[in-house]
Amino acid sequence: MTATAATRAFQPNTGASALARLRRTWPAVFGLIAFFVGWEILIRLTNTPVFVVPAPSAIAPRLWEELPNYAYEFSYTLAAAAIGLVIGTSVGIVGAVLMANWRILEKSFFPLAVMLKLVPFVAIAPLLRIWLGYELQPKIVLASLITFFPVLVNCIAGLRSADPLALEFFRSVGASRWEILTRLRWMATLPYLYAAFKVNVNLALAGAIVGELFSSKNGIGKVINETALTLDIRAMFAAIMFLAVTGVALTLFMNWSERRVLFWHESVRTSGGRG
Amino acid sequence: MGQTFSAVSPAATASRDARGHVVVDRVAKTFQTQDTSVEAIREVSLAIRENEFVTLIGPSGCGKSTLLRIVGGLIEATTGRVEIRGRSAQEAQRTKDIGFVFQQPALLPWRTVSANVELGLELNKGAGAERLCSTDEILALVGLGAFAKAHPYQLSGGMQQRVAIARALIFDPALLLMDEPFGALDEITRAGMRYELLRIWGDTRKTVLFVTHSIPEAIVLSDRVVVMSPRPGEVREIIDVTLPRPRNEDMESAPEFVRIAERLRHLLRA
Numbered sequence: 017m018t019a020t021a022a023t024r025a026f027q028p029n030t031g032a033s034a035l036a037r038l039r040r041t042w043p044a045v046f047g048l049i050a051f052f053v054g055w056e057i058l059i060r061l062t063n064t065p066v067f068v069v070p071a072p073s074a075i076a077p078r079l080w081e082e083l084p085n086y087a088y089e090f091s092y093t094l095a096a097a098a099i100g101l102v103i104g105t106s107v108g109i110v111g112a113v114l115m116a117n118w119r120i121l122e123k124s125f126f127p128l129a130v131m132l133k134l135v136p137f138v139a140i141a142p143l144l145r146i147w148l149g150y151e152l153q154p155k156i157v158l159a160s161l162i163t164f165f166p167v168l169v170n171c172i173a174g175l176r177s178a179d180p181l182a183l184e185f186f187r188s189v190g191a192s193r194w195e196i197l198t199r200l201r202w203m204a205t206l207p208y209l210y211a212a213f214k215v216n217v218n219l220a221l222a223g224a225i226v227g228e229l230f231s232s233k234n235g236i237g238k239v240i241n242e243t244a245l246t247l248d249i250r251a252m253f254a255a256i257m258f259l260a261v262t263g264v265a266l267t268l269f270m271n272w273s274e275r276r277v278l279f280w281h282e283s284v285r286t287s288g289g290r291g
Numbered sequence: 003m004g005q006t007f008s009a010v011s012p013a014a015t016a017s018r019d020a021r022g023h024v025v026v027d028r029v030a031k032t033f034q035t036q037d038t039s040v041e042a043i044r045e046v047s048l049a050i051r052e053n054e055f056v057t058l059i060g061p062s063g064c065g066k067s068t069l070l071r072i073v074g075g076l077i078e079a080t081t082g083r084v085e086i087r088g089r090s091a092q093e094a095q096r097t098k099d100i101g102f103v104f105q106q107p108a109l110l111p112w113r114t115v116s117a118n119v120e121l122g123l124e125l126n127k128g129a130g131a132e133r134l135c136s137t138d139e140i141l142a143l144v145g146l147g148a149f150a151k152a153h154p155y156q157l158s159g160g161m162q163q164r165v166a167i168a169r170a171l172i173f174d175p176a177l178l179l180m181d182e183p184f185g186a187l188d189e190i191t192r193a194g195m196r197y198e199l200l201r202i203w204g205d206t207r208k209t210v211l212f213v214t215h216s217i218p219e220a221i222v223l224s225d226r227v228v229v230m231s232p233r234p235g236e237v238r239e240i241i242d243v244t245l246p247r248p249r250n251e252d253m254e255s256a257p258e259f260v261r262i263a264e265r266l267r268h269l270l271r272a
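Chains U and V, in that order, are what the protein sequence lines are.
Remember, our numbering sits 16 above the position in the first sequence when you count from 1.
Remember, our numbering sits 2 above the position in the second sequence when you count from 1.
The following block contains the structure:
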């Protein structure tokens, strides 16, 4: 028996070699460098004053200087976003399980959820300040409200996506509803949930920051607000740059963990985990 | 691979119900939709003996899959009844006496091959069903001994279907129901799988009800072939396949084989 060939055939894909990875990523890196170099040149050629648009060479030292401060403030933002994400996700999952099981609940409450979603969340930030003040709570509420809906919608779709023949197998051996939910429907939902998570990580951050812009003692949103008030444009750009970098880092982390968790799903296997 | 499985001793099988291991008694099915009703099965009666391999053959849409699902308790008959070891199909589900293999493998993609095979053991534990044999043994039996830790996406369609067969056998059901299990495979793989299935069946000796629309497949596998009429499905004729076992590919040109194939072709055309 060709056991060696057979065992080789199902070695998990440990990813491309470092060289191949470099080949795949260098155009993106090149684009990024080109963008900053172009920016720098444009500012110098046009003699744009630093209080209108600062050049990257002016932003970078400022970012470096402020980094500990920004990291500290960002921890508040991240905490609010993370707690909001957990609450929004939990409520979304529970709602989806209920709605997927009882159509009457879906018919009654799904339109309400849609309405909630259609209210631009920025519009309720001032209200939340009045209700909840200047601490973490209003940001958490905002992040939960934003992240709830994508989870609800995707989770309902996911719970209904289970392979009908696999479902028949479960029923043919007398599996309970609970077993069908936990061992089949829930697992089939994971790719859908992950798609929602990936959107939500950035939405939750956006929600927390908007909350901070309106009312805060701490957080990166507060920093941006202060720099706007003092017209410290360099610090403002530095803060925005900081957010861009953390956003990229979070997205890369989500893509990486998705490849780990959903290695069996065709979206991961065919796209190499992009997007 | 010559081992037999102690779970089915000849002495035990001989003492069981002589009237019929599986009884299908005047089963009819009409599907109701909002404005129309479709008569899928008119009236089918059938008795299957223990350890018998019976095939349902008929043109597309004659209700053979529907009949199989009624026997397996996945669909309720409009009238008539089904008995498996003297109990209803729903009871047979609860006692895990039905092993289903579908047209598609329908494996759980997040589970390894061995975890997929063990699925039926994990579910409905209260039924107290026992293992037919170890997971390694059943994987060896279906020729996937080296693939226990693989995931379904790493296997070919034929290999996935072998996993589905192992999954249906491991909890030692009284009846194996197979709904065109090789229908989605290419012809070469399919022809090989027939003899694979015969070998597996020879070792486990399950009672099998098998749906197909391939004439050679029906003859090679079966003790009896049930020919169904076009919709609404009825039993047109039941043909005994007297070819000796174990069967092999050479028999496909034997006069007996050719005679039965002719007969089936005639019945399916009429």
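Beta carbons: idealized from backbone N, C-alpha and C, even for Gly.
Close-in-space but distant-in-sequence residues of the same chain around residue i (CB under 7 Å, 5 per side omitted)
| i | result |
| --- | --- |
| Ile172 (chain U) | Ala112, Met115, Ala116 |
| Ser8 (chain V) | Note on Ser8 (chain V): pLDDT 41, under 50, position unreliable in the model; no value is reported. |
| Val138 (chain U) | Val226 |
| Arg201 (chain U) | Leu175, Ala178 |
| Pro72 (chain U) | Phe52, Trp55, Glu56 |
| Ile202 (chain V) | Leu143, Val144, Ile167 |
| Thr18 (chain U) | Reliability fails at Thr18 (chain U), whose pLDDT of 38 lies under 50, so the model's placement of it is uncertain and no value is given. |
| Arg238 (chain V) | Val229, Met230, Ser231, Leu269 |
| Arg271 (chain V) | none |
| Ala25 (chain U) | The predicted position of Ala25 (chain U) is uncertain, since its pLDDT is 45 and thus under 50; no value can be drawn from it. |
| Ala30 (chain V) | Ile43, Arg44, Glu45, Ala79, Thr80, Thr81, Gly82 |
| Gln82 (chain U) | Here the sequence assigns Glu to residue 82 (chain U), which means Gln is not the residue at that position. Contacts found: Ala251, Ala254. |
Own chain, CB closer than 6 Å to residue i, minus 5 neighbours either side, in chain order
| i | result |
| --- | --- |
| Ile217 (chain V) | Ala263, Leu266 |
| Val25 (chain V) | Ala49, Glu85 |
| Phe258 (chain U) | Tyr86 |
| Ala97 (chain U) | Ala159, Ala220, Leu221, Ala224 |
Beta bridge counterpart(s) of residue i as assigned by DSSP
| i | result |
| --- | --- |
| Ile43 (chain V) | V:Lys31, V:Gly235 |
| Arg89 (chain V) | V:Ile86 |
| Ile221 (chain V) | BP columns for Ile221 (chain V) are empty, so no partner. |
| Asp242 (chain V) | V:Arg226 |
| Thr81 (chain V) | V:Ala30 |
| Ala274 (chain V) | What is shown of chain V runs 3 to 272, which leaves residue 274 (chain V) out entirely. |
| Met180 (chain V) | V:Val103, V:Phe212 |
| Val56 (chain V) | V:Leu211, V:Arg226 |
Close beta carbons around residue i, own chain, < 8 Å, minus the five adjacent residues each side
| i | result |
| --- | --- |
| Asn216 (chain U) | Leu101, Gly104, Thr105, Ile162, Thr163, Pro166, Val167 |
| Ala34 (chain U) | none |
| Leu247 (chain U) | Phe67 |
| Tyr197 (chain V) | Val222, Arg249, Asn250, Glu251 |
| Phe125 (chain U) | Gly111, Met115 |
| Pro111 (chain V) | His153, Pro154, Tyr155 |
| Tyr208 (chain U) | Asn170, Cys171, Ala173, Gly174, Ser177 |
| Gln233 (chain U) | Gln is not the amino acid found at residue 233 (chain U); the sequence shown has Lys there. The residues are Tyr150, Glu151. |
| Val119 (chain V) | Thr137, Ile140, Leu141, Val165, Ala168, Arg169, Ile172 |
Anticipated Cβ contact below 8 Å, residue i with residue j, distance rounded
| i | j | result |
| --- | --- | --- |
| Gln162 (chain V) | Phe184 (chain V) | So it is not a contact: roughly 12 Å between Cβ atoms. |
| Leu245 (chain V) | Ile172 (chain V) | Not confirmed; about 29 Å, so no contact. |
| Ala141 (chain U) | Phe230 (chain U) | 4 Å |
| Asp174 (chain V) | Glu132 (chain V) | 6 Å |
| Arg87 (chain V) | Ala129 (chain V) | Wrong, their Cβ atoms sit about 14 Å apart, outside the cutoff. |
| Val165 (chain V) | Leu177 (chain V) | Contact flag wrong, Cβ pair sits at about 20 Å. |
| Ile43 (chain V) | Pro257 (chain V) | Actually they do not touch by this definition, with Cβ atoms about 34 Å apart. |
| Val264 (chain U) | Glu274 (chain U) | Their Cβ separation, rounded to whole angstroms, is 16 Å, which puts Val264 (chain U) and Glu274 (chain U) out of contact at 8 Å. |
| Arg78 (chain U) | Arg250 (chain U) | 5 Å |
Any C-beta of chain A under 8 Å from that of residue i
| i | result |
| --- | --- |
| Arg133 (chain V) | Annotation note: the requested chain A is absent from the structure, which comprises protein chains U and V. |
Checklist entry - Using a Cβ cut-off of 9 Å, which residues of the region 257 to 290 of chain U contact any Cβ in chain V, in chain order? => result Leu278, Phe279, Trp280, His281, Glu282, Arg285
Checklist entry - Just checking, does the region 121 to 135 of chain U make contact with the region 189 to 203 of chain U on the three C-beta pairs under 8 Å criterion? => result no
Checklist entry - Any residues in the region 99 to 127 of chain V with a beta carbon nearer than 7 Å to a beta carbon of chain U? Which ones, in chain order? => result Ile100, Phe102, Phe104, Gln106, Ala108, Leu110, Pro111, Trp112, Gly122, Leu125, Asn126
Checklist entry - Between the region 176 to 193 of chain U and chain V, which residues of the former have a C-beta closer than 9 Å to a C-beta of the latter? => result Asp179, Pro180, Leu181, Ala182, Leu183, Glu184, Phe185, Phe186, Arg187, Ser188, Val189, Gly190, Ala191, Ser192
Next on the checklist: Across the region 88 to 108 of chain V and the region 41 to 60 of chain V, are there enough close Cβ pairs to call them in contact, namely three or more that are closer than 8 Å?
Outcome noted: no
Next on the checklist: Closer than 8 Å is the cut-off here; do at least three beta carbon pairs connect the region 65 to 79 of chain V with the region 113 to 129 of chain V?
Outcome noted: no
Item to check | Where the region 184 to 206 of chain V meets chain U: residues whose CB sits under 8 Å from a CB there | outcome: none
Item to check | Contacting positions in the region 94 to 126 of chain U - beta carbon closer than 8 Å to chain V | outcome: none
Item to check | Interface positions of the region 198 to 209 of chain U facing chain V (Cβ-Cβ less than 9 Å), listed along the chain | outcome: Arg199, Leu200, Met203, Ala204, Leu206
Checklist entry - Along the region 63 to 77 of chain V, what residues have a CB closer than 9 Å to any CB found in chain U? => result Arg71, Gly74, Gly75, Leu76
Next on the checklist: If the cut-off is 7 Å on Cβ atoms, which residues from the region 230 to 260 of chain U count as contacting chain V, listed in chain order?
Outcome noted: none
Next on the checklist: What are the residues in the region 23 to 47 of chain V lying within 7 Å of chain U by C-beta distance?
Outcome noted: none
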